[in-house]
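With my numbering, you'll find the sequence shown wraps up at 199, consecutive numbering, no jumps. Below you'll find the structure, written out as structure tokens, and then a few comments.
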Amino acid sequence: MQGGAQGGDMQARQADPSKTVAQVRDEGLGEGDKPDYFSTKATIVYLKPDNLAYPACPNEGCNKKVIEENGQWRCEKCDTVFGEPSYRYIFTVAVGDHTGQMWVQCFNEIGEQIFGRPAREMVALQMADENQFQKVVRDSMFQTYNFRCRARAEVFNDVRRMRYTANRLSSIDYVKEAANLSGLIDAYSN
Ligand SMILES: [Zn+2]
């Protein structure tokens with residue numbers, strides 16, 4: 010799977026421009042040769058509860074999907090068999106603001122923030138208590154975050170489509186937001 014996709018994004022600059030969902034589309038972010046980075050303040054409006062995580066190779070830095078074989082798990086890349094896989098999140102959420110909605114792909118670190126627990130706990134919870142699992146999924150919706158994202162066009166089966174990937178998630182700092190707002194108000198009233 011795409012566990013390695015996040016590595017190169019770590020150099021993304023701190024001050025990515027803040028965009029609304031409509032601006033991300035209208036400005037064609039990600040349509041150039043290189044990916045674009047942006048921040049957006051958006052609310053999780055939908056999250057598909059199945060297939061949140063995949064069984065991954067526990068070898069450090071591998072993260073490939075492992076295949077169950079005779080009660081054990083094999084990583085074809087490492088050519089190694091494990092008793093237990095290490096689960097990692099991979100899922101897509103619909104996020105929205107007042108201008109629109111878009112799908113954003115989330116990997117392991119983002120999932121840990123959204124659900125407040127590691128992927129293996131979510132997988133175990135789903136097997137042990139479906140109702141409680143559904144509740145955790147519901148509770149994770151309608152939360153608003155600052156999403157730092159990467160936009161890049163991808164071609165799949167000859168169809169070109171934009172892929173947005175969340176690189177970082179941060180809670181909204183309401184104190185700072187209020188200070189920014191009052192700064193804006195001051196700027197207009199002077
Ligand atoms: Zn491996």
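Note that beta-carbon positions come from the ideal geometry of N, C-alpha and C, so glycine has one too.
Within 8 Å, strictly: CB atoms of residue i and residue j
{"i": "F156", "j": "T52", "result": "no"}
{"i": "C66", "j": "K43", "result": "no"}
{"i": "P64", "j": "Q143", "result": "no"}
{"i": "V54", "j": "V104", "result": "yes"}
{"i": "A162", "j": "M171", "result": "yes"}
{"i": "Y154", "j": "Q114", "result": "no"}
Ligand 1 heavy atom lying under 7 Å from the CB of residue i
{"i": "C115", "result": "no"}
{"i": "K86", "result": "yes"}
{"i": "F74", "result": "Before going further, note that residue 74 is Lys rather than Phe in the sequence given. No, Cβ of K74 sits at least 7 Å from all heavy atoms of ligand 1."}
{"i": "C66", "result": "yes"}
{"i": "C158", "result": "no"}
Straight-line gap, residue i to residue j (C-alpha atoms, nearest Å)
{"i": "G16", "j": "G70", "result": "For G16, the predicted structure reports a pLDDT of 42, less than 50, and the residue's modelled location is therefore unreliable. The matter cannot be settled from this model."}
{"i": "M10", "j": "A128", "result": "The pLDDT assigned to M10 is 46, lower than 50, so where the model puts this residue is not dependable; a value taken from the coordinates is nonetheless given after this. C-alpha separation (whole angstroms): 15 Å."}
{"i": "C84", "j": "L193", "result": "54 Å"}
{"i": "D35", "j": "G109", "result": "11 Å"}
{"i": "R169", "j": "F100", "result": "20 Å"}
{"i": "Y46", "j": "M136", "result": "37 Å"}
{"i": "V33", "j": "N176", "result": "16 Å"}
{"i": "G39", "j": "I123", "result": "25 Å"}
{"i": "E77", "j": "D88", "result": "13 Å"}
{"i": "Y98", "j": "S191", "result": "39 Å"}
{"i": "W82", "j": "K74", "result": "9 Å"}
{"i": "A188", "j": "G92", "result": "52 Å"}
{"i": "I181", "j": "Y197", "result": "24 Å"}
{"i": "S179", "j": "T29", "result": "16 Å"}
{"i": "D106", "j": "G37", "result": "18 Å"}
{"i": "F165", "j": "V184", "result": "43 Å"}
{"i": "N79", "j": "P94", "result": "14 Å"}
{"i": "Q152", "j": "N72", "result": "28 Å"}
{"i": "L56", "j": "V102", "result": "5 Å"}
{"i": "E186", "j": "A31", "result": "21 Å"}
{"i": "N68", "j": "E118", "result": "17 Å"}
Cutoff 7 Å; reference residue i; Cβ partners in own chain excluding five residues on either side
{"i": "V132", "result": "A62, Y96"}
{"i": "D25", "result": "Y46, F47, S48, R157"}
Own chain partners of residue i with C-beta closer than 8 Å, once the 5 adjacent residues on each side are dropped
{"i": "R22", "result": "Here the model assigns R22 a pLDDT of 49, short of 50, so the residue's position is not dependable and the matter cannot be decided."}
{"i": "D138", "result": "none"}
{"i": "D195", "result": "none"}
Close Cβ partners of residue i (< 6 Å) along its chain, the five nearest in sequence each way excluded
{"i": "D167", "result": "none"}
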